[in-house]
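The structure appears right after this line, and notes come after that.
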Amino acid sequence: MIKIAKLLFLFLIVIWFSISFFRTIYNFSKILTEELRWINLSDDQKRVKIFGDYHQLFKLIENKTNLYSKILFVTTDGQAYYLGRYYLYPRKVFWTHSLKSKDISILKNNYNYLFLFTPKNYATNSNRLVFDHSPVATYSALKNLNLSGVLYSLYD
Amino acid sequence: MIELQVLLIILAIVFIGYLFIRVINVFEKRCLAEIIFYAYGVGVGAVAFQLFTYSRLGISWNPLLLIGPWLLIVLIFRNKIFPKQSILPFQKVKLRYFDKIMIVLILSLIFFVAFESIIRPVQAWDGWSSWLMKAKIYYMDGKINPSSFLYLDSEYPLTISLMSTFIYIMIGQVNDRAVLLSFFMFYFSIGAVTFFSLKNYVGLTRSLIFTFLLLSLQNIIRHGGRFEAGQADLALGYYILVSGILLMDFIKNYNIKTLILLNLFLGITSMIKNEGLPYSLFVEVLIIYHIIKIRKYNYLLPLFLWLIPLLDWQLFKIINRLPVNYLFRNFYIHTGRILDVILTISKEFINLKNWNILWLVFIASIFLPLSTKIRSVLRYLYILIFFQLIMYLFIFLITPVDATVHINNVIDRLLIHIAPSSVFSIAIASTNLNLKNYFILQKLKYSLRRFQSLF
Chain Z
1 MIKIAKLLFL FLIVIWFSIS FFRTIYNFSK ILTEELRWIN LSDDQKRVKI FGDYHQLFKL
61 IENKTNLYSK ILFVTTDGQA YYLGRYYLYP RKVFWTHSLK SKDISILKNN YNYLFLFTPK
121 NYATNSNRLV FDHSPVATYS ALKNLNLSGV LYSLYD
Chain L
157 MIELQVLLII LAIVFIGYLF IRVINVFEKR CLAEIIFYAY GVGVGAVAFQ LFTYSRLGIS
217 WNPLLLIGPW LLIVLIFRNK IFPKQSILPF QKVKLRYFDK IMIVLILSLI FFVAFESIIR
277 PVQAWDGWSS WLMKAKIYYM DGKINPSSFL YLDSEYPLTI SLMSTFIYIM IGQVNDRAVL
337 LSFFMFYFSI GAVTFFSLKN YVGLTRSLIF TFLLLSLQNI IRHGGRFEAG QADLALGYYI
397 LVSGILLMDF IKNYNIKTLI LLNLFLGITS MIKNEGLPYS LFVEVLIIYH IIKIRKYNYL
457 LPLFLWLIPL LDWQLFKIIN RLPVNYLFRN FYIHTGRILD VILTISKEFI NLKNWNILWL
517 VFIASIFLPL STKIRSVLRY LYILIFFQLI MYLFIFLITP VDATVHINNV IDRLLIHIAP
577 SSVFSIAIAS TNLNLKNYFI LQKLKYSLRR FQSLF
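Sequences listed follow chains Z and L, in order. Take the first sequence: its position 81, counted from the start at 1, is 81 in our numbering, and no numbers get skipped. In our numbering, each number is its position in the second sequence, counted from 1, plus 156.
What follows is the structure in structure tokens.
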């Protein structure tokens, strides 16, 4: 019984080792098949490959907003909020799913910019006041036609 | 090149940790190559604590002001810093053909992961949304602003983020690609510490085999540099492994210098992620038990190296009204979930893509008949691993979110904390296998020698 247990354990180690050995060779082959193309890409190109259209979007917001401003993101896209927070600091990014309960004076007291991500979802009567402002910038995603954003300045 | 600059800074962090090890005068008989990988762990804690302290004292995070104190320590302890000891472990050892193959495989893995870590910027969600987010905030603010914790709704410890901030300060910019080398260094260190420590228990060949098996785990490779680098889980796995090894060393020899280093590591472990805190607390309980057993009550003094940073951090959280961890905001233990939680966690144990068959082998190794000597060595490792598993079970019993969703999101990362220790325990359990008793292996060995003789 003891010898069987030891033999089984040894068998498992050999299996583990074999899988690891071939996996290591496979990993190494990825340098030639997948990874080499990354070496010659610029930093921007790498970020576009990783983050897609978000990279261009946040670069646009970065260029169109003041450094220490507060931006309210109106979106259901959580990744946009968390990634925006990372990209845009020291700008502070805040998040709400909708504008239905907000009015313009509260927005102006607390934020400097309003970013509506996929704004066509929010074109209701209660938001018409917001849409009276001229946008500072608009963005349409290159790959995803449903992804678009409008940036409004709330400065007077 | 920015990567070279980061490498030099990592070397500086290693040197800072090395200063601590030389001042404590532990590891006198170990080669330099081994000490380096313990020194990295100490150095990371040291620079993080330095930035944290400077911020609270209003001292600028100027690179000269950061490096200055360490240069002073070098001057004061210059006679102790460069002792005569060997650099490499192989100077007096004859390597067999198989050992050389294993070394090539291990070095290939290390090269692969290092390469992976520098070709892409951080892309792991928690990497850019949490750990490197904080690093960027602290760098751009030039200090730790308590309001940043409210902004991020986070009360996580700062060590890993401050390690990255230190690198940003030294290179003068936020570079979330080059900084991943510091996360790769944890991968390298886990492998090195495993190899050097296992060598004392299981011999050279087996230590090489199990180091290779550990470093080839896909989840560890991912967190070391391929896609998932930038998170704190591999770092915590490193600190848990080192603390476990030092605990076993302490229990074997009751050497106070080992105890001092162990408490340094436990202090840093508790400040990597919240999961490190209960682990460090449990290890301290084991330490206190042994101190009482040997009746050397002066050994309680080194425990302050763990206690002071921990209390300091808790006080900082209270004074600055940091948010309470979401797990404890509406504390309730959902005992009805226990079966679902166990089943969902168990699925990860058979995730071959992440873990190969590590967990199957680990379970099999527990049931191996072992000698009393091996069992006494393994006992504490098993206790620590199972304690950590029970703690994760507890987390999922109290989580306010859907337990199944929560488990599926995090369990692969939580198991990284104990994976290195599990491989270590499997390696020690394998010492009971006397390979000379297996005829088929004798045949294989004979065939390999004949093949070798052809060259």
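Every residue gets a Cβ at the ideal spot worked out from N, C-alpha and C, and that includes glycine.
For residue i and residue j, which I take to be in contact (beta-carbon distance under 8 Å), what is that distance rounded to the nearest angstrom?
{"i": "Ile376(L)", "j": "Tyr435(L)", "result": "Their Cβ separation, rounded to whole angstroms, is 19 Å, which puts Ile376(L) and Tyr435(L) out of contact at 8 Å."}
{"i": "Lys429(L)", "j": "Tyr312(L)", "result": "7 Å"}
{"i": "Trp281(L)", "j": "Ile316(L)", "result": "Contact doesn't hold; Cβ gap of about 15 Å is too wide."}
{"i": "Ile274(L)", "j": "Glu159(L)", "result": "5 Å"}
{"i": "Gly386(L)", "j": "Phe339(L)", "result": "6 Å"}
{"i": "Thr24(Z)", "j": "Ser264(L)", "result": "6 Å"}
{"i": "Val162(L)", "j": "Tyr357(L)", "result": "In fact, because the Cβ distance is near 34 Å, the residues do not count as touching under 8 Å."}
{"i": "Leu336(L)", "j": "Val278(L)", "result": "6 Å"}
{"i": "Ile61(Z)", "j": "Leu36(Z)", "result": "So it is not a contact: roughly 33 Å between Cβ atoms."}
{"i": "Ile412(L)", "j": "Pro458(L)", "result": "7 Å"}
{"i": "Val432(L)", "j": "Leu392(L)", "result": "A quick correction: the sequence has Gly, not Val, at residue 432(L). Between Leu392(L) and Gly432(L) the Cβ distance is about 5 Å, and since that is below 8 Å, they are a contact."}
{"i": "Val517(L)", "j": "Trp16(Z)", "result": "6 Å"}
{"i": "Gly199(L)", "j": "Ile169(L)", "result": "4 Å"}
Indicate whether residue i and residue j have their beta-carbon atoms separated by less than 8 Å.
{"i": "Arg461(L)", "j": "Ile416(L)", "result": "A small correction: the amino acid at residue 461(L) is Leu; Arg does not occupy that position in the sequence shown. Cβ atoms of Leu461(L) and Ile416(L): closer than 8 Å."}
{"i": "Gly298(L)", "j": "Trp217(L)", "result": "yes"}
{"i": "Phe115(Z)", "j": "Leu72(Z)", "result": "yes"}
{"i": "Ser521(L)", "j": "Ile572(L)", "result": "no"}
{"i": "Leu157(Z)", "j": "Ile513(L)", "result": "Lying outside 1 to 156, the shown extent of chain Z, residue 157(Z) is not represented and no answer is given."}
{"i": "Leu32(Z)", "j": "Gly149(Z)", "result": "no"}
{"i": "Val439(L)", "j": "Leu422(L)", "result": "yes"}
{"i": "Ile262(L)", "j": "Phe406(L)", "result": "no"}
{"i": "Asn564(L)", "j": "Thr500(L)", "result": "yes"}
{"i": "Asp255(L)", "j": "Leu360(L)", "result": "yes"}
{"i": "Ile266(L)", "j": "Gly347(L)", "result": "yes"}
{"i": "Phe205(L)", "j": "Pro576(L)", "result": "no"}
{"i": "Ile554(L)", "j": "Leu483(L)", "result": "yes"}
{"i": "Leu207(L)", "j": "Thr321(L)", "result": "yes"}
{"i": "Gly173(L)", "j": "Ala195(L)", "result": "yes"}
{"i": "Lys64(Z)", "j": "Asn110(Z)", "result": "no"}
{"i": "Trp284(L)", "j": "Tyr26(Z)", "result": "no"}
{"i": "Ile541(L)", "j": "Ser578(L)", "result": "yes"}
{"i": "Ile325(L)", "j": "Pro219(L)", "result": "yes"}
For residue i, return the contacting residues in chain Z, with the cut-off set at a CB-CB distance below 9 Å.
{"i": "Leu261(L)", "result": "Ser20, Phe21, Thr24"}
{"i": "Ile365(L)", "result": "Ile13, Phe17"}
{"i": "Ser586(L)", "result": "Phe9, Leu10, Ile13"}
{"i": "Ser426(L)", "result": "Simply none; closest approach about 27 Å."}
{"i": "Phe368(L)", "result": "Phe17, Ser20, Phe21, Thr24"}
{"i": "Phe271(L)", "result": "Ile31, Glu35"}
What residues from chain Z crowd round residue i, counting only those whose CB sits closer than 8 Å?
{"i": "Lys292(L)", "result": "Tyr86, Tyr89"}
{"i": "Val566(L)", "result": "Chain Z residues near Val566(L): none, gap ~16 Å exceeds 8 Å."}
{"i": "Ile506(L)", "result": "Residues of chain Z passing the Cβ test: none, with the nearest at roughly 13 Å."}
{"i": "Gln470(L)", "result": "Under the 8 Å cutoff, chain Z gives no residues; its nearest Cβ is about 27 Å from Gln470(L)."}
{"i": "Tyr289(L)", "result": "Reading off the sequence, residue 289(L) comes out as Met, not Tyr. Result: Arg85, Tyr86, Tyr89."}
{"i": "Leu516(L)", "result": "Leu12"}
{"i": "Leu337(L)", "result": "Neighbours of Leu337(L) on chain Z: none; closest Cβ ~16 Å, over 8 Å."}
For residue i, return the contacting residues in chain Z, with the cut-off set at a CB-CB distance below 7 Å.
{"i": "Pro556(L)", "result": "Within chain Z, no residue comes near Pro556(L); the closest Cβ sits about 18 Å away, beyond 7 Å."}
{"i": "Ile275(L)", "result": "Glu35, Trp38, Ile39"}
{"i": "Met296(L)", "result": "Tyr89, Pro90"}
{"i": "Asn512(L)", "result": "Trp16, Ile19, Ser20"}
{"i": "Ser372(L)", "result": "Ser20, Arg23, Thr24"}
{"i": "Ser264(L)", "result": "Thr24, Phe28"}
List, in chain order, every chain L residue whose beta-carbon is nearer than 8 Å to that of residue i.
{"i": "Leu234(Z)", "result": "As shown, chain Z starts at 1 and ends at 156. That puts residue 234(Z) outside it, with no answer to give."}
{"i": "Leu151(Z)", "result": "Residues of chain L passing the Cβ test: none, with the nearest at roughly 21 Å."}
{"i": "Leu8(Z)", "result": "Ala520"}
{"i": "Ile2(Z)", "result": "Pro525"}
{"i": "Ile50(Z)", "result": "Arg276, Pro277, Gln279"}
Taking 8 Å as the CB-CB cut-off, is residue i touching chain B?
{"i": "Ala5(Z)", "result": "Although the question refers to chain B, the structure presented lacks it and instead comprises the protein chains Z and L."}
Who does residue i pair with in a DSSP beta bridge?
{"i": "Val160(Z)", "result": "Beyond the ends of chain Z as shown, which are 1 and 156, falls residue 160(Z); an answer cannot be given."}
{"i": "Ile71(Z)", "result": "Val93(Z), Tyr113(Z)"}
Just checking residue i against the ligand MG - is the residue's beta carbon closer than 7 Å to any of the ligand's heavy atoms?
{"i": "Gln206(L)", "result": "The ligand MG is not among the ligands present in this structure, which contains no ligands whatsoever."}
Worksheet entry | Interface positions of the region 25-48 of chain Z facing chain L (Cβ-Cβ less than 8 Å), listed along the chain | Asn27, Phe28, Ile31, Glu35, Trp38, Ile39, Asp43, Lys46, Arg47
Item to complete: Could you list the residues in the region 159-171 of chain L with a C-beta less than 8 Å from some C-beta on chain Z, going in chain order?
Response: Nothing from the region 159-171 of chain L brings a Cβ to less than 8 Å from some Cβ of chain Z.
Discussion item. Output needed in chain order: residues of the region 298-315 of chain L with a Cβ under 9 Å from some Cβ in chain Z.
Written reply: Tyr307, Leu308
Item to complete: Identify each residue in the region 521-544 of chain L for which the Cβ-Cβ distance to at least one residue of chain Z is less than 8 Å, and report them in chain order.
Response: Ser521, Phe523, Leu524, Pro525
Worksheet item: Between the region 201-231 of chain L and chain Z, which residues of the former have CB atoms less than 7 Å from a CB of the latter, in chain order?
Response: none
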